[in-house]
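**Student:**
Numbering (my numbering), first residue to last: 161 to 579.
#1: Please report how far the alpha carbon of residue 526 lies from the alpha carbon of residue 389, in whole angstroms.
#2: How close, in whole Å, do the beta carbons of residue 495 and residue 425 come, if the pair is a contact with beta carbons under 8 Å?
#3: Within its chain, find whatever has a CB closer than 7 Å to the CB of residue 499; leave out the 5 residues flanking it on each side and keep chain order.
#4: In terms of alpha-carbon separation, which member of 490, 344, 283, 463 lies closest to residue 167?
#5: Evaluate residue 412 with the Cβ neighbour count: other Cβ atoms within 10 Å of its Cβ, from every protein chain shown; 16 or more gives buried, anything less gives exposed.
#6: If you compare alpha carbons, which of 261, 281, 242, 289 is closest to residue 434?
#7: What residue range does the alpha helix (DSSP H) around residue 416 cover?
#8: If we ignore side chains and look at the alpha-carbon of each, how far apart do residue 445 and residue 487 end up?
#9: With a threshold of 7 Å on Cβ separation, who are the neighbours of residue 547 within its own chain once the five nearest residues in sequence on each side are excluded?
#10: Going by C-alpha distance, which of 491, 182, 506 is nearest residue 334?
#11: Do you know offhand how far residue 223's Cα is from residue 297's?
#12: Could you tell me the alpha carbon to alpha carbon distance between residue 401 and residue 545, rounded to whole angstroms?
#13: So residue 277 and residue 240 are in contact, right, with Cβ under 8 Å, and what is the actual spacing, rounded?
#14: Let me check one thing: in DSSP terms, what residues is residue 467 bridge-paired to?
#15: In terms of residues, what are the limits of the alpha helix (DSSP H) holding residue 511?
#16: Within 8 Å of any Cβ in chain C, is that where the Cβ of residue 278 sits?
#17: Measure the CB-CB distance between residue 322 and residue 192 and report whether it falls below 8 Å.
#18: For residue 247, which residues from the same chain have a beta carbon less than 6 Å from its beta carbon, with the 5 sequence-adjacent residues on both sides left out?
#19: Could you pull the start and end residues of the alpha helix (DSSP H) that residue 226 belongs to?
#20: Suppose contacts are defined by Cβ-Cβ distances below 8 Å. Is residue 307 in contact with residue 493 by that definition?
#21: DSSP state of residue 152, grouped into three classes?
#22: So, residue 429 versus residue 303, is the Cβ gap smaller than 8 Å?
#23: Taking a contact to mean a Cβ-Cβ separation below 8 Å, would you say residue 218 touches residue 432 in this structure?
#24: Considering only their Cβ atoms, is the gap separating residue 332 from residue 180 smaller than 8 Å?
#25: Indicate the three-state DSSP secondary structure (helix, strand or coil) for residue 253 in the structure shown.
#26: Quick one: is residue 253 buried, meaning 16 or more other Cβ sit within 10 Å of its Cβ, or exposed?
#27: Looking at C-alpha atoms only, which residue of 555, 565, 550, 511 is the closest neighbour of residue 220?
#28: Suppose you measure from the CA of residue 364 to the CA of residue 216; what does that come to, to the nearest Å?
#29: If you draw a straight line from the C-alpha of residue 236 to the C-alpha of residue 462, how long is it?
#30: Beta-carbon separation of residue 366 and residue 508 under 8 Å?
#31: Tell me whether residue 439 sits in a helix, a strand or coil according to DSSP, three-state version.
#32: In this structure, how does DSSP classify residue 400 when only helix, strand and coil are distinguished?
#33: Do you know whose CA, among 226, 369, 503, lies nearest residue 357's CA?
#34: Could you please give the first and the last residue of the uninterrupted alpha helix (DSSP H) stretch that includes residue 392?
#35: Could you check the C-alpha separation between residue 268 and residue 233 for me, to the nearest Å?
#36: Is any heavy atom in the ligand NAP found nearer than 7 Å to the beta carbon of residue 280?
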């Protein structure tokens, strides 16, 4: 196996094991908190607090641009393992919900640092022509880990309990650290001219300036955030409403429908390299146009809901239209991330990738609130809410066309050569 292929294998394998361990840990702790308190408000508060650290992702990006990324990955997984050990003892002794929330918060901080380190490492390990393929493969495999982990976690939780699952997650983190130690990521040490804190502050400012002055990066971040605000939020909030409330799906059909949507996003990520071969920034708007038209077709199918046969027809059309929309959503995200990686100077990769990740992830809860308000009064008909969302996607298509209509390949590759 070639050196570059080994590096990608180590990166993917290490991340899969680390993500799998983290997903099992979060699943076990969330169920434990819910079982111990029986209160949805405390459960939701703990989860919400653990999501806040995404806002500090740019700091992780600045650190990624200054230090050896291989060593950072190893240290972060060791830190996760140490925190998991602390959680093991907390669960065994006082079972304090406050301590569990605090340790989850620290785990989320480590996680928010990990993402920009990994995404900033990929362009240093592969050729530019393979960025979409590798980015899609990494994201697809990690998404699969997040889907599989709760299933396995649910089975093991009922058999072994939360404390044993937390111990297992610590072992996963340590195994990931060992695998990542074999990575060979190019690293050029840069001096800390003004001390660590001052230098990192200057780097953060430099990263934001890079985003602001580079039109391709700025526009890509905007579109990526809007994709999550509209489409990702629709799938998270709208899909359960459609399946359960409108189509009256039973437990098995509901699970089947939700699994297909998750599978669609994973397939879109894994095969992003194939789907993006003819995709360019100046024709990216066509993916949104197609998504909007598919939403209108989905809406048409849902108008038959209300009778047994109508519900079956609506479910079939939901699946037929929902799967390509989910795949397109992943393809768009992977393509935009790859474009940003191409135009960003290597010394700013961590900071810029952290910015796009933070903006995209912060857009999801805002979009969930919007989608929740739109579907608030939904009891038997979803025509107007879904029409509004479909029109929003078509507006996003027009915005994408307007922003990138004059963008050509030289704006991507030529800019990189000038830097």
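From the three backbone atoms N, C-alpha and C, an ideal C-beta is built for every residue, glycine too.
**Tutor:** So, from the listed chains and residues:
#1: 7 Å
#2: That pair is no contact at about 14 Å.
#3: 376, 380, 441, 572
#4: 344
#5: exposed
#6: 289
#7: 411-430
#8: 15 Å
#9: 459
#10: 182
#11: 25 Å
#12: 11 Å
#13: Their Cβ separation, rounded to whole angstroms, is 13 Å, which puts residue 277 and residue 240 out of contact at 8 Å.
#14: 465
#15: 509-534
#16: Of the protein chains in this structure there is only one, and it is not chain C.
#17: yes
#18: 263, 326
#19: 217-226
#20: no
#21: Residue 152 lies beyond the residue range present for the chain, which begins at 161 and ends at 579; the question has no answer from this structure.
#22: yes
#23: no
#24: yes
#25: coil
#26: exposed
#27: 511
#28: 11 Å
#29: 46 Å
#30: yes
#31: coil
#32: helix
#33: 226
#34: Careful: residue 392 lies outside any alpha helix (DSSP H) and carries neither H nor E.
#35: 15 Å
#36: Of the ligands one can find in the structure shown there are none, so the ligand NAP has no counterpart to examine.
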